[in-house]
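Residue numbers (my numbering): 3 to 200. Note that the Cβ used here is the ideal one computed from N, Cα and C, for glycine as well. Computed from a predicted model, the values in this text were never measured in an experiment. Input: a single structure, listed below in structure tokens.
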């Protein structure tokens with residue numbers, strides 16, 4: 003397959019700066035563009051850079067470049083089509099509205115990936131108390147157990163969370179409180195007439 007020189011130059015130019023441009027620049031949009039514009043731009047760009055379009059091209063370097071661009075386009079779209087992730091991305095990148103402020107639009111900045119934003123979203127959901135992905139899971143289970151006044155469950159899940167964030171002072175404090183509650187519960191439920199057999 004004969005490759006158009008303009009396409010080759012464009013692919014090589016984008017591939018050379020792929021790690022330096024943000025998601026909007028990759029989609030050829032102004033920073034902070036609304037979701038409908040993102041969807042239209044993604045449709046056009048993904049059609050242009052889909053690796054299947056260049057299946058017959060024998061140049062391995064070109065194939066890798068197109069595949070990298072297409073992968074990054076998909077990642078950009080996954081972030082910018084989700085209203086919540088888009089809002090976080092825009093805030094992190096300094097986009098304040100439908101378009102970037104004049105001073106910031108010309109400056110190049112590295113994009114932020116979906117995984118990074120999802121991780122930040124989880125931390126925010128956990129109230130910013132824990133940051134490790136596994137610790138967040140156990141923190142949330144401890145919160146549920148707290149609502150149910152299941153102090154055994156609270157203690158167990160906080161201990162698991164502390165395995166991932168050993169120095170976390172909030173987890174340590176909550177664990178101490180939960181252990182006190184558990185001891186109080188055991189004391190209240192203690193039956194003075196229960197006979198112990200040894």
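Of the residues the options, the one placed nearest residue i, counting alpha carbons only
| i | options | result |
| --- | --- | --- |
| residue 180 | 133, 14, 52, 157 | 157 |
| residue 75 | 31, 36, 92, 89 | 31 |
| residue 136 | 147, 153, 57, 163 | 163 |
| residue 173 | 145, 13, 14 | 145 |
| residue 148 | 22, 183, 138, 171 | 183 |
| residue 155 | 46, 165, 177 | 177 |
| residue 34 | 58, 83, 6, 12 | 83 |
| residue 152 | 28, 185, 58, 49 | 185 |
| residue 37 | 29, 85, 150, 189 | 85 |
| residue 43 | 15, 187, 28, 7 | 28 |
| residue 59 | 77, 7, 49 | 7 |
| residue 48 | 132, 66, 22, 78 | 78 |
As assigned by DSSP and simplified to three states, the class of residue i
| i | result |
| --- | --- |
| residue 10 | helix |
| residue 195 | coil |
| residue 138 | helix |
| residue 64 | helix |
| residue 55 | helix |
| residue 92 | helix |
| residue 172 | helix |
| residue 201 | No information on residue 201 is available, as it lies outside the stretch 3 to 200 that the chain covers here. |
| residue 2 | Because the chain here runs from 3 to 200, residue 2 falls outside it and cannot be looked at. |
| residue 143 | helix |
| residue 182 | helix |
| residue 22 | coil |
| residue 76 | helix |
| residue 177 | helix |
| residue 110 | Only weak support is given to the placement of residue 110: the predicted model assigns it a pLDDT of 42, under 50, and the question is left unresolved by the model. |
Close Cβ partners of residue i (< 7 angstroms) along its chain, the five nearest in sequence each way excluded
| i | result |
| --- | --- |
| residue 70 | 17, 20 |
| residue 111 | Residue placement at residue 111 is flagged as unreliable, the pLDDT there being 47, under the threshold of 50; the coordinate-derived value follows with that caveat. Excluding residues within five positions, the ones whose Cβ falls inside 7 angstroms are 24, 95. |
| residue 10 | 64 |
| residue 52 | 72 |
| residue 39 | 31 |
Beta-carbon proximity list for residue i, same chain, < 6 angstroms, skipping 5 on both sides
| i | result |
| --- | --- |
| residue 143 | 159 |
| residue 166 | 134, 136, 137 |
| residue 187 | 153 |
| residue 5 | 59 |
| residue 218 | A question about residue 218 goes unanswered here, because the residues of the chain that appear run from 3 up to 200. |
Residue span of the alpha helix (DSSP H) that contains residue i, given as start and end
| i | result |
| --- | --- |
| residue 164 | 153-166 |
| residue 51 | 37-51 |
| residue 25 | 25-28 |
Spatial neighbours of residue i in its chain, beta-carbon cut-off 8 angstroms, leaving aside the 5 residues before and after
| i | result |
| --- | --- |
| residue 169 | none |
| residue 13 | 51, 64, 67, 68, 71 |
| residue 192 | none |
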